[in-house]
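J.: Here it is, the structure, as structure tokens.
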Amino acid sequence: MGYMSQTIVSHNSQESEPIRFNRPSMLGVGTMVWLSSELMFFSGLFAAYFTLRSGAKGPWPPAGIKLDVLQSGIFTLILVMSSVTMQKAVFEAEHGRRKSAIRWIVLTLTMGGSFVANQVVEWTHVAFSASTNAFGSLFFIMTGLHGLHVILGLVGMLFLIVRLAGRTNDPGELPVIQSLSYYWHFVDVVWIALYSVLFLTH
Amino acid sequence: MTIAEERSDLSHDEGGHEHDHGGPRGIYLWLTSTDHKVIGKSYMYTSLIFMLIAGAMAMIIRAQLTGPNNHLVSQQTYNELFTIHGSMMLYLFAGPFAFGGFANYILPLQIGAPDMAFPRLNALSYWLFVTGGITMLSGFFTSGGAAAFGWVSYAPLSSYSNSPGAGPDLWIVAIALTGFSGIFTAVNLITTAFYLRAPGLTMFRLPIFTWNMIVTGMLILIAFPILTAAMIMLYADRHFGAHFFTVSGGGSPVMWQNLFWFFGHPEVYILALPYFGIVSEVIPVFSRKPIFGYKGLVFATLAIAGLSTGVWAHHMFTTGTVLLPFFSALSLLIAVPTGVKVFTWIATMWGGDIEFKTPMLFVIGFLFTFVMGGVTGVMLAAPPIDFAVHDTYFVVAHFHQVLAGTAVFGGFAGFFYWYPKLTGRMYRESLGKLQFLMAFVGFSLTFFPQYLIGLRGMPRRVPVYLVSDHVTFLNQLSTVGAFLTGASFVVWLINMWISWKKPVAAGDNPWDGHTLEWATSSPPPHHNFVSLPPIRSARPLWDANHPEHADYKSHGLEVRDHEVKK
Amino acid sequence: MSIFNFVKERHRGRKGLALAALAIVLSSCSSTFGGYKGATTQGQSEASLYQGFMITGIVVAGITFLGLFYVLVRFRRRKGTNRIPAQRHSNLPVEVIYTVIPVLIVIGLFVFTVRSENKITQVSSNPNVSVDITAFQWGWRFTYSNGVSIVSQGANYPQLVLPANETTKVTLVSQDVVHGFYIPAFNFSRYALPGVTNYFDFTPTNTGTYVGRCSALCGLYHGEMLFSVRVVTPTQFQSWLTQQKAA
Ligand code: HEA
Ligand code: HEA
Ligand code: CUA
Ligand SMILES: [Cu+2]
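Chains as they are written, first to last, in this note's numbering: chain A, 1 to 202; chain B, 203 to 768; chain C, 769 to 1015.
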């Protein structure tokens, strides 16, 4: 690593003193900068949503569009809770408790995975498609691109688990888990907004 | 404690100097390197090749327009040519040349960093860019031809039924790829500038070039994702029957224009700001003065960036769907910070000791051409005037003057300025000056007549016009100018060839530079610096080389100046 | 003595310069700077706005370039010298001046822009004539309120007939992609958009025949999507309209 990268105050895996950096890691800064572009990406989708909604001739969502608000609501709650478990994993890792961190990540992974599974079920059960009307297009594009982000996060978690289970003196590990947690929180927050505009407008 | 001491441990674990000689060379180096200097150079050369290709297309366009009813190319081919000419010049030349090339090479050096924050991501950016470029060009080899809907790709002309075939799809993919490339570079540059600055280099001591790259990066993070989103929607419309832009399914074609221009206008400043940065480096060095009004320049840059996100609908005045006074007012206002920049540059030269080397000549070409284009841009910002000349050659002339002013004149100013840094060699001054002269005369001859052509009512994107339009002679002048410009690039190629075959050593700091990139050898070693001068102002190297005129000695200079006057 | 002469010379030079500048400005007031005078009242409003912008542009660019030129000549490096100039970093009053003056110019430009724009975009509630215009790939249909309809046929460009000194209200739509309804001599263009209806007025002031064309790229034959406009006297217009109705 470069000469100016973070200085690690202490890195002792048995120690319960939290391992912190004197400032956010370079990877963390990079992740936050990148997430700002992700924010704009979803803003573009929301802009499309509100434009088409305001231009809609009939009711919104159009007649014939039915979504299971409750079921998706439950999985929304699960996804939001997975942010909490992810953060717990970060705390554990910061205290050098890697085994525990792995367990929390596995839990997060399961919750995120169940969210994706629900989405797959939903996609195959709704009575409309992307070509039905503008709402259908928006629904599939928005949930689809969000789902892709969730899947990307899950893949990241898999790699993280492998890394946490491996070499003990790995200085790059903590920045990676912190950065993934930023990403995960971001994906969750975006979903709350998506859920509100796509499901709660009935 | 000197910085050199602080750095010494670095050369141990990174191998420092020696690394250079043991590492890969030639093609293999190009393919695998994660060194910001190698990637920066690759970006520059690749984008310049794209520029030549796109320029060659412009030559065909101009040849077609020498007469009112020429049949050099078919209508379809003509539409493909200007679409790819525009797309390549913007996405594959003007942007990557500065933001991928100069920024990559120079920014880490200017802030005293050993490399970019994420070297492998940097290599990924470059390869995405190359892939995008090849993808775009490959459209010409599909049976239906390349995309032919203009670089703006207006819906519903870009729908599958109106533009069938693989060419348009390749274009969409190409834009998405270069978009990701730009976003990753932006992330990388911003993180580098925030994180890897040498000790003592505070934000308000950053070279203006670096500042401009940071702001450009922010604009990219704001604008490009919107384009990516729009491209995904367009692709979904084309292939999954989605209804984002089709009226029948509840979509809105005008929404495409809004999304596109929300990206498109910031994009033109993404293309301009890096070159403003280059100009802000060249002028002080060749005037032997610090930049005048440093903070004003930084705030002007930020103001331009801020305003440029709120003016997009000035491209849509004639749609009848936008709030004219709002977008007109903001567009007019951009003239103010841009003017601040222009006056700042002139004030920097004021009282200086100006040396007319090739980079400085290109800067003068930039100033003239850009201000001309800017002033006509202000006219376009008035909706009534825009009603009269929208989508005519008046607009074509406007944007070529601003774009060529920045990307070509600003770009070549930077190219010649940093050529010794990149290669350790000197170009031939007389050939450089000849190139400037031909390019300057050529560009002016190409684009001044186009204002008149537009005012007489010739629309853009047409391969034929009427004899009764009285634009034939003006079009011929324009074509002559275009070929003169084309020839100027041949002079450039000759210059490069000679400098390559018969190298003349340039020395590490041939221009008496001010900023850190000149504080190391030319070209720099693998991790850039063996030692750094102390950084106590925005011009550390000037301070080191001219201790009696050092900037840090004149802190609070404004106050002292007044005292002297009394 | 000689110095005195020199100063006088310089003063005369300045006066001459000022006079020349004045002459340019005055003569520009009658020039249209390459643009059309505008064959409608709306177009004339545009023409005078354009004139104002052009004069402002000449003055602004002129001052900028004079300054640039002066600096380049005055502060060029002389042969054989090696001088380190005064290292001036900033000068607040100067910076304020070159920020505030452009702000004032811009405000002025904006005020005139809004005035002209309101005139041009105003749509009359009781026009003398109404025409529905439909753009399609690659032609035009002009439909008058009495049902008369003129449409592109093959290589024959359609003609839009308008009465002089009367207000015609145009309703513009597109059947397929985006087109641009553009009459250069009227200094006016407006997009024909699918899914959007646009309204605007023309009040032609001169009789004559003008070229009209599609300005927005609309596919393969965009370059040949022309039409013509014939402005006639109101009586001629009425007789033309009844004649067409009969035919
Ligand atoms: C580098 C790229 C670049 C830059 C910097 C600019 C700068 C500006 N542009 Fe331009 N523009 C384009 C690239 C650029 N443009 C492109 C590519 C298109 C066409 C896209 C397409 O349709 O294909 C376009 C089109 C375009 C349009 C739409 C025209 C149409 O399609 O009908 C408009 C309308 O408002 C406009 C306005 C402006 C303005 C007000 C500025 C201002 O920022 C200019 C500011 C600069 C100055 C004014 C000069 C210096 C200032 C002074 C000396 C101070 C004093 C001046 C005054 C007080 C007036 N531009
Ligand atoms: C940075 C941007 C940039 C630059 C530098 C240029 C440079 C040039 N452009 Fe381009 N242009 C655009 C961006 C740019 N353009 C855009 C965005 C459009 C709009 C597209 C659209 O409508 O969608 C456009 C459209 C456009 C048109 C309008 C087409 C139409 O609407 O019908 C014309 C017409 O004259 C034109 C001409 C030229 C010319 C003559 C040059 C010259 O300056 C070029 C100089 C010549 C060279 C650089 C070539 C040198 C070549 C050689 C030496 C041969 C060697 C060759 C090889 C090795 C392969 N351009
Ligand atoms: Cu219709 Cu161009
Ligand atoms: Cu713009």
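The beta carbon of each residue, even a glycine, is placed where N, CA and C say it ideally should be. The structure displayed is predicted, hence computed values, not measured ones.
#1: Less than 8 Å between the beta carbons of residue 802/C and residue 654/B, yes or no?
#2: Taking residue 927/C as the reference, which of 993/C, 965/C and 847/C has the closest Cα?
#3: Is there at least one Cβ from chain C nearer than 8 Å to residue 648/B's Cβ?
#4: Taking 7 Å as the cut-off, is the beta-carbon of residue 616/B closer than that to any non-hydrogen atom of ligand 2?
#5: How would you label residue 324/B, buried or exposed, when you count the other beta carbons within 10 angstroms and need 16 or more for buried?
#6: Would you say the region 420-436 of chain B touches the region 476-496 of chain B, given that touching needs at least three Cβ pairs under 8 Å?
#7: Residue 538/B to residue 563/B, Cα distance in whole Å?
#8: Listed in chain order, which residues are found with a beta carbon closer than 7 Å to a heavy atom of ligand 3?
#9: Does DSSP put residue 714/B in a helix, a strand or coil?
#10: Return the chain-ordered ranges of every alpha helix (DSSP H) run that is complete within the region 26-109 of chain A and spans a minimum of 4 residues.
#11: Is the number of C-beta pairs between the region 578-587 of chain B and the region 526-533 of chain B that are closer than 8 Å three or more?
#12: Is it a yes or a no for the region 488-503 of chain B touching the region 453-463 of chain B, going by three-plus beta-carbon pairs under 8 Å?
#13: Residue 593/B by DSSP, collapsed to three states: which one?
#14: Which class does residue 249/B belong to by DSSP, given the choice of helix, strand or coil?
#15: Pull up the DSSP beta-bridge partners for residue 960/C, would you.
#16: How about residue 25/A and residue 178/A: are their beta carbons less than 8 Å apart?
#17: Would the beta-carbon of residue 196/B be found less than 7 Å away from any heavy atom of ligand 1?
#18: Quick check: does the Cβ of residue 880/C come within less than 7 Å of any heavy atom belonging to ligand 2?
#19: Can you tell me whether residue 269/B sits near ligand 6, meaning its C-beta is under 7 Å from at least one heavy atom of the ligand?
#20: Evaluate the contact criterion for the region 281-293 of chain B versus the region 372-385 of chain B: three or more CB pairs, one atom per stretch, below 8 Å.
#21: With respect to the alpha helix (DSSP H) encompassing residue 561/B, which residues constitute its N-terminal and C-terminal limits?
#22: Please report the residue range of the alpha helix (DSSP H) in which residue 971/C lies.
#23: Is it buried or exposed for residue 919/C, if we count other Cβ within 10 angstroms and need 16 for buried?
#24: With a threshold of 6 Å on Cβ separation, who are the neighbours of residue 362/B within its own chain once the five nearest residues in sequence on each side are excluded?
#25: Ligand 2 and residue 276/B: does the residue's C-beta get closer than 7 Å to at least one heavy atom of that ligand?
#26: With which residues is residue 904/C paired in a DSSP beta bridge?
#27: Using the Cα positions of residue 254/B and residue 55/A, report the straight-line distance between them to the nearest angstrom.
#28: Would you list the residues sitting across from residue 928/C in a DSSP beta bridge?
#29: For residue 215/B and residue 857/C, I'd like the C-alpha separation in whole angstroms.
#30: In this structure, how does DSSP classify residue 627/B when only helix, strand and coil are distinguished?
#31: Output the boundary residues of the beta strand (DSSP E) element that contains residue 917/C.
#32: Within 10 Å of its beta-carbon, does residue 173/A have 16 or more other beta-carbons around it, so buried, or fewer, so exposed?
#33: Is residue 729/B near ligand 1, going by C-beta to nearest heavy atom under 7 Å?
#34: If the cut is a Cβ gap below 8 Å, which residues of chain B does residue 51/A touch?
#35: Within the present structure, is the beta-carbon of residue 609/B separated from the nearest heavy atom of ligand 2 by less than 7 Å?
#36: Grouping DSSP H, G and I as helix and E and B as strand, with all else coil, what is residue 661/B?
T.: Based on what the coordinates show:
#1: As a working mapping, residue 802/C is identified with position 34 in the third sequence. As a working mapping, residue 654/B is identified with position 452 in the second sequence. A contact, by the Cβ cut-off of 8 Å.
#2: As a first step, residue 927/C is located in the third sequence; it is residue number 159 there, counting from the start. Taking only the C-alpha atoms, the option nearest residue 927/C is 993/C.
#3: Indexing the second sequence from 1 puts residue 648/B at position 446. So no, residue 648/B is outside the interface.
#4: Counting from one through the second sequence, the residue named residue 616/B turns up at place 414. Every heavy atom of ligand 2 is 7 Å or more from the Cβ of residue 616/B, so no.
#5: Reading the second sequence from its first residue, position 122 is the one you call residue 324/B. Answer is buried; the Cβ neighbour count reaches 16.
#6: no
#7: Counting from 1 along the second sequence, the entry for residue 538/B is found at position 336. Counting from 1 along the second sequence, the entry for residue 563/B is found at position 361. Counting only the Cα atoms, residue 563/B lies some 25 Å from residue 538/B.
#8: Here the residues close to ligand 3, judged by CB distance below 7 Å to any of its heavy atoms, are 903/C, 905/C, 906/C, 947/C, 948/C, 982/C, 983/C, 984/C, 985/C, 986/C, 990/C and 993/C in chain order.
#9: For the purposes of this step, residue 714/B is taken as residue 512 along the second sequence, with counting starting at 1. In this structure, residue 714/B counts as coil in the three-state DSSP scheme.
#10: Within the region 26-109 of chain A, complete alpha helix (DSSP H) segments of at least 4 residues are found at 26-55 and 69-94, given in chain order.
#11: Segment contact: the region 578-587 of chain B against the region 526-533 of chain B, three or more CB-CB distances shorter than 8 Å; contact assigned.
#12: Cβ pair count under 8 Å is below three, so no.
#13: Within the second sequence, numbered from 1, the residue matching residue 593/B stands at position 391. Coil.
#14: Walking along the second sequence from the start, residue 249/B turns up at place 47. Residue 249/B: helix per DSSP, three-state reduction.
#15: Taking the first residue of the third sequence as position 1, residue 960/C is located at position 192. Under DSSP, the beta-bridge partners assigned to residue 960/C are 947/C.
#16: Start at 1 with the first residue of the first sequence, and residue 25/A comes out as number 25. Start at 1 with the first residue of the first sequence, and residue 178/A comes out as number 178. It is a contact, given that the beta carbons lie within the stated cut-off.
#17: The first residue shown for chain B is 203 and the last is 768, placing residue 196/B beyond what the model contains.
#18: Taking the first residue of the third sequence as position 1, residue 880/C is located at position 112. No, the Cβ of residue 880/C stays beyond 7 Å of every heavy atom of ligand 2.
#19: This structure lacks ligand 6; the ligands present are ligand 1, ligand 2, ligand 3 and ligand 4.
#20: yes
#21: Locating residue 561/B in the second sequence gives position 359, counting from the first residue. Its alpha helix (DSSP H) spans residues 560-582.
#22: For the purposes of this step, residue 971/C is taken as residue 203 along the third sequence, with counting starting at 1. Where residue 971/C is concerned, there is no enclosing alpha helix (DSSP H), given that its DSSP letter is neither H nor E.
#23: Against the third sequence, residue 919/C aligns to sequence position 151. Residue environment: residue 919/C is assigned as exposed (fewer than 16 neighbouring CB atoms within 10 Å of its CB, all protein chains considered).
#24: In the second sequence, the residue the question calls residue 362/B occupies position 160. So the list reads 440, once near-sequence residues are dropped.
#25: Taking the second sequence and counting its residues from 1, the one referred to as residue 276/B is at position 74. Flag unset: Cβ of residue 276/B not near ligand 2.
#26: One-based indexing of the third sequence puts residue 904/C at position 136. Beta-bridge pairing links residue 904/C to 907/C.
#27: Your numbering for residue 254/B matches position 52 in the second sequence. Your numbering for residue 55/A matches position 55 in the first sequence. Answer to the nearest angstrom: the Cα atoms are 44 Å apart.
#28: Counted from its first residue, the third sequence places residue 928/C at position 160. Its beta-bridge partners are 997/C.
#29: What you label residue 215/B is simply residue 13 of the second sequence in a count that begins at 1. What you label residue 857/C is simply residue 89 of the third sequence in a count that begins at 1. In this predicted model, residue 215/B has a pLDDT of only 36, less than 50, meaning its place in the structure is not dependable enough to derive any value.
#30: Residue numbering aside, residue 627/B sits at position 425 when the second sequence is read from its first letter. In the structure shown, residue 627/B sits in a strand (DSSP, three-state: E or B).
#31: Within the third sequence, residue 917/C is the residue found at index 149, counting from 1. Run containing residue 917/C: 917-919, per the beta strand (DSSP E) assignment.
#32: On the first sequence, position 173 is the one that residue 173/A refers to. Residue 173/A comes out buried.
#33: Position 527 of the second sequence, counted from the first residue, corresponds to residue 729/B. Checking the Cβ of residue 729/B against ligand 1 gives no.
#34: One-based indexing of the first sequence puts residue 51/A at position 51. Under the 8 Å cutoff, chain B gives 454, 457 and 460.
#35: The count along the second sequence starts at 1 and reaches residue 609/B at position 407. Because some heavy atom of ligand 2 lies under 7 Å away, the Cβ of residue 609/B counts as near it: yes.
#36: Within the second sequence, the letter at position 459 stands for residue 661/B. Strand, per DSSP.
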